[in-house]
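Residue numbers (the numbering used here): 1 to 148. Where a beta carbon is used, it is the ideal one built from N, C-alpha and C, also for glycine. Owing to the predicted nature of the structure, the values given are computational and were not obtained by experimental measurement.
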Amino acid sequence: MANHPDRIVVWPGYFDSKVSRRSGRRVSKNRSVANPTLDGLAYAARSAGIRKMKREENISHPSRPNVREGRLWVSTADALSATGSDSKEGILQVIGSAWNSQQSEAKAAEKAAKKSGPKVGDKRGQSQRKSFKSGKGRKPSDRRKRRK
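Printed below as a string of C-alpha cells:
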C-alpha cells in the first residue's frame with residue numbers, strides 16, 4: 001500500500017466489539033459497536049465533525065482477506081482539527097464514541113417503540129395484541145371446576 005501522509009485509512013473492523021484487540025480492534029470495548037458497516041462508519045465520522053472523506057466499497061483489510069468490509073479514507077488535517085486529537089488513535093476513539101452513542105440511542109428508541117405497542121390506526125398490529133377471553137371473563141380453571 002502506498003504511503004499517503006495527507007490521509008488516514010479507517011476500517012470498520014477497527015470498531016467491531018466481537019473482535020479482540022489482538023485480532024484487529026483498535027478502540028476500547030465501550031467505544032466499539034456490534035456489526036460495524038462502512039455506512040455506519042461514514043455516518044459516525046460525519047457526526048464527529050469530519051467532512052473530507054472518501055469511501056471505497058468491497059475492499060478487504062490485508063489481515064482479513066476473506067471479509068470485504070470496505071475502507072474510509074479521511075483527510076488527516078480535517079480529522080485532526082475536527083476531533084481535536086493529535087494522532088490516528090485519538091481520531092479513532094472520537095469516531096468510536098460517536099458511533100457507540102448513536103447505536104445505543106437507536107437501541108433505546110427501538111426498545112421504547114416496541115414497549116409502547118402498535119401505533120393508533122395500525123389494525124394489523126392491534127389485532128395481534130387482542131386477548132381471547134372465553135366464558136364471560138372466567139379463567140379456564142374455573143370453567144373446569146364448574147363442569148364437574
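According to the DSSP assignment, Trp-11 belongs to no beta strand (DSSP E), since it is labelled neither H nor E. In terms of Cα proximity to Lys-107, the closest of Lys-29, Val-27, Val-33 is Val-33.
Taking 8 Å as the upper bound for CB-CB distance, Asp-78 and Lys-54 are not in contact here, some 12 Å apart. In the three-state reduction of the DSSP assignment, Val-33 falls in the strand class.
If you check the CB distance, Tyr-14 and Arg-26 come in under 8 Å.
When secondary structure is reduced to three states using DSSP, Arg-22 falls in the coil class, being assigned neither helix nor strand. Spanning the alpha carbons of Ser-81 and Arg-124 requires a straight line of approximately 51 Å. For Ser-47 against Gln-93, the beta-carbon gap comes to about 14 Å, at or over 8 Å, which does not count as contact. With a minimum length of 3 residues, the unbroken runs of beta strand (DSSP E) contained wholly in the region 55 to 113 fall at 64 to 68, 71 to 75. Shown here, Arg-124 sits in a helix according to DSSP, grouped into three states.
The beta carbon of Thr-76 sits closer than 8 Å to those of Pro-5, Asp-6, Arg-7, Ile-8, all from its chain and outside the five residues before and after it, given in chain order.
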